[in-house]
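Participant: Below you will find the structure I want to go over with you.
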Amino acid sequence: MLKWFKNAKKENRTDYLTYLGVVLAFIIIAILNNAGLLPRSRAGQLVPICCYIVMAVSLNLTVGILGELSLGHAGFMSVGAFSGVIASQALAASIPSAPLRLLIAMVVGALFAAVAGFIIGMPVLRLHGDYLAIVTLAFGEIIKEIINCLIVGSDANGLHVIFNVKGLKTAEDLNLLEGGKIIIKGAQGAAGTETISSFTAGFILVMITLIIVLNLVRSRSGRAIMALRDNRIAAESVGINVTEYKMMGFVTSATLAGAAGALYGLNYSNLLATKFDFNTSILVLVFVVLGGLGNIWGSIIAATVLTILPEALRGFDSYRMLVYAIVLILVMLGTNNEKLKIFFAGLAKKAKKAKKGGA
Amino acid sequence: MGKVKSVNDSPLVPLPTNAFVPERDLLKTPILETRHLGIDFGGLKAVEDFNLIIGRTEIAGLIGPNGAGKTTIFNLLTKVYQPTRGTILFDGYDTHEMDTVALNKAGVARTFQNIRLFNNLTVEDNVKLGLHNDIKYGMVPGILRLPSYWKEEKRSHEKAMELLSIFNMEGMASWQAGSLPYGAQRRLEIIRALATDPKLLLLDEPAAGMNPSETAELMENIVAIRDRFQIAVLLIEHDMNLVMSICEGIAVLNFGKLIAKGTPEQIQANPVVIEAYLGKKHGEEA
Amino acid sequence: MEFLSYLISGISLGSVYAIIALGYTMVYGIAKMLNFAHGDVIMVGGYLSYYAMFSFGLPWFVALPASMIVCACIGMLIERLAYKPLRQAPSLAVLITAIGVSYFLQNSALLIFGANPKTYSNPFQSVNPDGSINAGISLFGGQLTITYVSIVTIISCIIIMLALNFFTSKTKMGKAMRACSEDKGAAQLMGINVNRTISITFAIGSALAAVAGVLLCSSYTLIQPTTGSMPGIRAFTAAVFGGIGSIPGAFLGGLLIGIIESLAKAYISTQLSNSIVFAVLIIVLLVRPAGLLGKYVPEKV
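Chains as they are written, first to last, in my numbering: chain A, 46 to 404; chain B, 24 to 309; chain C, 33 to 333.
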């Protein structure tokens, strides 16, 4: 076993260590949780943390690995959340097993988000840089408004959907049969959802996400995606189809966000579409940027710490976003300014020297 | 799109009488033929009536003063720019409908004047990206690491190492491409282009920034590459020593127009070329 | 008549967007960056004029220039501290920094001014002798009312647009700006102080944002820390729509976005008005990747 590990390539070794770290973290937290050692507020955060890890890792695929800034990642989470909630609520009678229903909901959420990603990707990926960023932002807002117009219910006849364009209709207009239930009430969002998400499911989703993203990056397709990031013209000159691989990266990212959304949606009995607005997209972007573009490990840690931290420092809450803003600016300045870079590199060298000198 | 054709199924195109092609390539369809090729930028005719033929295993040079439109020709040949006028026949087929990717799949590979490597990837990954269309497994087998992934990755690793050995760069395989010294970056670009299994290799100033001994080595290597892979090479170069000693045919471009074609001896003796490079003599101006 | 009134409110709204979009476009033209924080400068301008008018009791024609000057300084300060060190950085880094600045302004405002919306009384109206409020001109026997705010907005937009056009084409500083937006290196070699030019561009853009802030708050009669973000994004849409970097483009884009939004709200759906605006943007970008009046510059190989 150890020999096999030693023989593995360097980047593969990093991947195995990442998996190992996540598994260990899960085991420790699960034991603590079962023993009742986690405070209630922390225990309630376990599922959201998993969701945000998946969101951050998947956005890193778009921003860090494909190299295109997406400002609408929460939109895919939203699509996944509401389609997942609809699937789970509509199937509640026919599939009593909660884990199975959660699995189906997550697959449905992922599929819908993939379709949304594909539809959005077609126009978006023809643009570059700033234009692409602003159009993803636009799509995020469009998704939010469209979901705000949805009224969905289910009864013995199946699903009933109203698209409430004028804002004049209510759940009454669904004309549900006796025993039917309302799943989404337009701007009031999903209400009365049976919460079936679990930490174990979250852990499994995180692992699947890691395997997909890390293995993709180390494969032929992932190399092509990174080649587009580094130099699109050179990539074309060696026969790499730009649209195909941009789309691959973008849709994979959307799909994972959709699965995370479904898990998130089924963790709360009430859910508003406004939860997944521009601010959420930015929050996830902050995780990615602070964790390091292209650095999967960094995304996991940033998502975890920055989800726990504000809750842990409740009194500090009003300053949270202010601190985020300052940190975001400082990190960008620190990592992109030549003078500051040299300054930090100098500090690191000194620290190393000091360490060597001491030893 | 991108159907790779074998040498023999291309239609035989008769050579125009004024074309220069080395004797050994005479009875075969030329690898590249351009007819009345031209492109306008705004109102400016950047390239006009460009006619060139390159034999299957010829090493050809494209020279001319700065701003003559040499790199523009490369961009036209690889469809980075769409020609305004004229036809490009590659391997006997019209490339009218093809884009950069399709042309690469058909067998045109190039390097860039301002080096364009995948700077954040390793040297080996850069070569493997050249092998991209040769590696046969898709996204899902890659994610699931099916046997085809391991098999193809192993094969492409070996192939990449073999290609790197042309320039003795195996030892640098795990370096980051962006951190290579300048000369090595130029060589890596050539290897990456070669990895796409081209029939025509376009080199844009391969010796730029190299010292004389590096240039001499590069010259040997270009000839060796042609001999080993039996491909045609078209190069843009300002180093006249390099051009005159390895090119079999030379085309001279000035102000977007072809002013001379022929063997190195003919070009060196051509008064029009001398005038383009040195300007008119004082006496003649009056 | 109904249509006409929606159209006029659309033009008025569009004029505000155009003023904001002019700021976006000038900054983009010269610094080649999306100043995401531009929308939040509007909010800052709004608050400054709010305190100037309602705490210090200054008339609007004093409050407006005062908040323009302060906003211009804030704009230059932001540029100096956050954007200037990133001149050579990839655009992704600059954009993320701009988002950071936007969040910084919003959350500072949240801490300083509080989350609750404040009532911003419209300064562009008069009180009749009988105590009723005279907010606009009544036409067609009261069927159509054009508010004074609308009139002021539309007129200021036209003045600003003409002044900017004159400034960039006739004055020395304006020509320097155009030179910098074409090629910073060459401009520097010609003796133009690039840093100062960029700084002044930010100052002008931010001063315009302050004007937009006053006009926007006067017509909505409310102000809160997030006041600037949505108009900012719509105005940005307008700038891209018209062709970012182009001054007439920003004007045209702003007007069109305002009219589309107003008509969409009236005739299609209030809930989907943003979606409709954004959908139009996406379609325009697909047909013309550089916007209506923009120039498409392909990457040099």
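A virtual CB, placed ideally from N, CA and C, is assigned to each residue, including glycine.
1) Step through the CB atoms of chain B and report whether any lies within less than 8 Å of the CB of residue 257/A.
2) Where DSSP assigns a beta bridge to residue 15/C, which residues make up the other side?
3) Mapping DSSP to helix, strand and coil, what is residue 116/B?
4) Sort 219/B, 279/B, 222/B by Cα distance to residue 99/B and report the nearest one.
5) Could you check what DSSP says for residue 109/B in three-state terms: helix, strand or coil?
6) Leaving aside the five residues before and after residue 227/C along the sequence, list all residues of the same chain whose C-beta is less than 8 Å from its C-beta, in chain order.
7) Pull up the distance between the alpha-carbon of residue 186/C and that of residue 201/C, whole angstroms please.
8) Give the secondary structure of residue 168/C by DSSP, where H, G and I count as helix, E and B as strand, and everything else as coil.
9) Checking contacts by CB at 8 Å: is residue 273/C closer than that to chain A?
10) Give the residues of chain A in contact with residue 209/B, contact being defined as C-beta atoms less than 8 Å apart.
11) Mapping DSSP to helix, strand and coil, what is residue 309/B?
12) Examine chain C for any beta-carbon lying closer than 8 Å to the beta-carbon of residue 403/A, and answer yes or no.
13) Taking the beta strand (DSSP E) that residue 131/B belongs to, which residues open and close that run?
14) Taking any Cβ of chain C, which residues in the stretch 269-282 of chain A have a Cβ under 7 Å from it, in chain order?
15) Return the residues of the stretch 133-152 of chain B that lie within a Cβ-Cβ distance of less than 8 Å from chain A, sorted by chain order.
16) Just the chain A side, please: which residues come within less than 9 Å of residue 311/C by C-beta, in chain order?
17) Between which two residues does the beta strand (DSSP E) containing residue 6/B stretch?
18) Note down, in chain order, each residue of its chain lying with its Cβ closer than 7 Å to the Cβ of residue 40/C, except the 5 sequence neighbours on either side.
19) For the stretch 328-341 of chain A, which residues have a CB atom closer than 9 Å to at least one CB atom of chain B, in sequence order?
20) In whole angstroms, give me the CA-to-CA distance for residue 299/A and residue 155/A.
21) Taking any Cβ of chain A, which residues in the stretch 176-197 of chain B have a Cβ under 7 Å from it, in chain order?
22) Can you find a C-beta in chain A that's less than 8 Å from the C-beta of residue 275/B?
23) Contact check, residue 105/A vs residue 331/A under 8 Å by CB: the rounded distance?
24) Could you tell me which of 318/A, 221/A, 348/A, 388/A sits nearest to residue 193/A, measuring between CA atoms?
25) DSSP three-state label for residue 371/A, please.
26) Taking three-plus beta-carbon pairs below 8 Å as touching, is the stretch 219-230 of chain B in contact with the stretch 128-143 of chain B?
27) Nearest to residue 38/C by alpha carbon, out of 291/C, 248/C, 52/C, 65/C?
28) If you run the structure through DSSP and keep just helix, strand and coil, what is residue 352/A?
29) Give the secondary structure of residue 294/B by DSSP, where H, G and I count as helix, E and B as strand, and everything else as coil.
30) Under three-state DSSP, which class holds residue 231/C?
31) For the candidate residues 49/B, 268/B, 286/B, 296/B, whose alpha-carbon lies nearest to that of residue 277/B?
32) Using a beta-carbon distance below 8 Å, is residue 123/B in contact with chain A?
33) Within a Cβ cutoff of 6 Å, which residues of the same chain sit near residue 91/B, ignoring the five residues on either side of it in sequence?
34) Please classify residue 234/A as buried or exposed, where buried requires at least 16 other C-beta atoms within 10 Å of its C-beta.
35) For a contact meaning CB atoms closer than 7 Å, what does residue 133/C contact in chain A?
36) What are the residues in the stretch 142-170 of chain A lying within 7 Å of chain C by C-beta distance?
Facilitator: On the basis of the data shown:
1) yes
2) Summary: the structure shown does not reach residue 15/C, with chain C confined to residues 33 through 333, and so no result is reported for it.
3) strand
4) 279/B
5) If DSSP states are grouped into helix, strand and coil, residue 109/B belongs with the strands.
6) 116
7) 23 Å
8) Looking at residue 168/C - three-state DSSP - the assignment turns out to be strand.
9) no
10) Correct list: empty, because the minimum Cβ distance to chain A is about 13 Å.
11) Unreliable placement is indicated for residue 309/B, whose pLDDT of 37 sits below 50; no coordinate value is reported for it.
12) Here the model assigns residue 403/A a pLDDT of 47, short of 50, so the residue's position is not dependable, and the following value carries that caveat. Cβ-Cβ to chain C under 8 Å: no for residue 403/A.
13) 131-133
14) 278
15) 133, 135, 139, 140, 141, 142, 143, 144, 148, 151, 152
16) 183, 187
17) With chain B running from 24 to 309 in the structure shown, residue 6/B is simply not present.
18) 178, 182
19) 339
20) 8 Å
21) Hits within the stretch: zero.
22) no
23) At roughly 12 Å, the Cβ-Cβ gap does not stay under 8 Å, so residue 105/A and residue 331/A are not in contact.
24) 318/A
25) helix
26) yes
27) 291/C
28) Note: residue 352/A maps to helix in three-state DSSP.
29) helix
30) helix
31) 296/B
32) yes
33) 276, 277
34) With 16 or more Cβ atoms within 10 Å of its Cβ, residue 234/A is classed as buried.
35) 374
36) 168
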